[in-house]
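Accompanying notes for the structure given below.
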Amino acid sequence: MKIEKLVERPKSLTAIAKDMIRNAIVDGELPFGSQLSESALALKLGFSKTPVREALLQLKLEGLVEILPQSGTLVFKPTEHQVREICRFREIIELSALELAMRLDADELAQRLTAALKIGREESLDDDSRHRKQDAQFHGAILECCGNAYLQSAYQLVADKIQALRARLAVGDKPVGTCDDMHAEIMRLIRDGNVRKACTELRAHIRSTEDSYIRASKIDGNAGA
Numbered sequence: 105m106k107i108e109k110l111v112e113r114p115k116s117l118t119a120i121a122k123d124m125i126r127n128a129i130v131d132g133e134l135p136f137g138s139q140l141s142e143s144a145l146a147l148k149l150g151f152s153k154t155p156v157r158e159a160l161l162q163l164k165l166e167g168l169v170e171i172l173p174q175s176g177t178l179v180f181k182p183t184e185h186q187v188r189e190i191c192r193f194r195e196i197i198e199l200s201a202l203e204l205a206m207r208l209d210a211d212e213l214a215q216r217l218t219a220a221l222k223i224g225r226e227e228s229l230d231d232d233s234r235h236r237k238q239d240a241q242f243h244g245a246i247l248e249c250c251g252n253a254y255l256q257s258a259y260q261l262v263a264d265k266i267q268a269l270r271a272r273l274a275v276g277d278k279p280v281g282t283c284d285d286m287h288a289e290i291m292r293l294i295r296d297g298n299v300r301k302a303c304t305e306l307r308a309h310i311r312s313t314e315d316s317y318i319r320a321s322k323i324d325g326n327a328g329a
């Protein structure tokens with residue numbers, strides 16, 4: 105039997121448009137609740153309207169845009185209740201992932217988290233941008249080390265929304281400013297092999313930023329209204 109070498113196909117225009125629009129939403133370039141025009145996006149991206157329309161339909165399925173009768177297409181705008189739901193879901197997934205990762209290989213997890221917290225130090229980022237990037241990498245590393253593909257897949261349901269909220273956090277927000285200390289404490293507990301206390305500290309860390317995310321969603325949403 106002849107086995108042909110697989111060749112990676114180039115991305116379609118729809119996939120490229122989807123990635124570019126998603127990045128603009130997640131990075132905060134497009135405010136929560138802001139109107140999205142197919143024509144304007146197509147002109148900006150240099151595409152026809154068809155791949156843009158298809159990209160928006162796919163992003164709707166992922167919950168990043170809303171397509172409403174009489175109102176058109178809008179960037180998603182999470183309510184306070186939805187932000188709290190996202191944080192509770194995140195808590196369940198991350199705590200399960202942390203426990204699994206520690207039992208699987210705590211030393212490898214500690215090494216990955218240490219590497220994650222070094223990211224951004226060599227880049228010309230302000231303190232808030234660096235902290236947010238490190239926070240994203242820190243939590244992402246926990247999922248990557250858990251060894252459970254179903255947990256990793258479930259986390260993707262909210263990963264982009266978490267990153268979108270993280271990108272809109274107010275500069276100097278006090279709970280966000282304590283992330284470094286909480287990361288350090290979680291790292292210490294991981295190295296000590298204390299699964300229960302590490303999970304307790306991670307839960308406290310996630311909950312400490314919940315109100316910050318709610319404030320971020322309201323400020324950005326009002327700006328885009």
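Per the numbering used here, the sequence shown runs over residues 105 to 329. Every residue gets a Cβ at the ideal spot worked out from N, C-alpha and C, and that includes glycine.
Check	Outcome
Just verifying my parser: in three-state terms, what is the DSSP assignment at ILE223?	coil
Of the residues VAL187, GLY137, GLN174 and PRO155, which one's Cα is nearest the Cα of ARG311?	VAL187
Express the C-alpha separation of LYS153 and LYS122 in angstroms, rounding to a whole number.	12 Å
For LEU165, count neighbouring Cβ atoms within 10 angstroms of its own Cβ and tell me buried if that reaches 16, exposed if not.	exposed
What span of residues does the beta strand (DSSP E) with LEU172 cover, start to end?	169-172
For LEU149, report the span of its alpha helix (DSSP H) as first-last.	142-149
Under 6 Å Cβ to Cβ from ALA245, same chain only, skipping five residues before and after it: list those, please.	ARG216, LEU217 and ALA220
LEU134 by DSSP, collapsed to three states: which one?	coil
Please state if the CB of HIS309 and the CB of MET286 are separated by a distance shorter than 8 Å.	yes
Start and end of the alpha helix (DSSP H) containing THR304?	299-312
Assuming LEU161 contacts ILE294 (C-beta within less than 8 Å), just tell me the rounded distance between them.	Incorrect: roughly 42 Å between the Cβ atoms, too far for contact.
Based on Cα-Cα distance, which residue from SER141, ILE323 and ARG157 lies nearest to ALA119?	ARG157
Kindly list the residues whose CB is nearer than 8 Å to the CB of ALA253, restricted to its own chain and excluding five residues on each side of it in sequence; keep chain order.	none
To the nearest angstrom, how far is it from the Cα of ARG270 to the Cα of LYS322?	13 Å
What separation, rounded to the nearest whole angstrom, lies between the Cα atoms of ILE171 and ILE318?	23 Å
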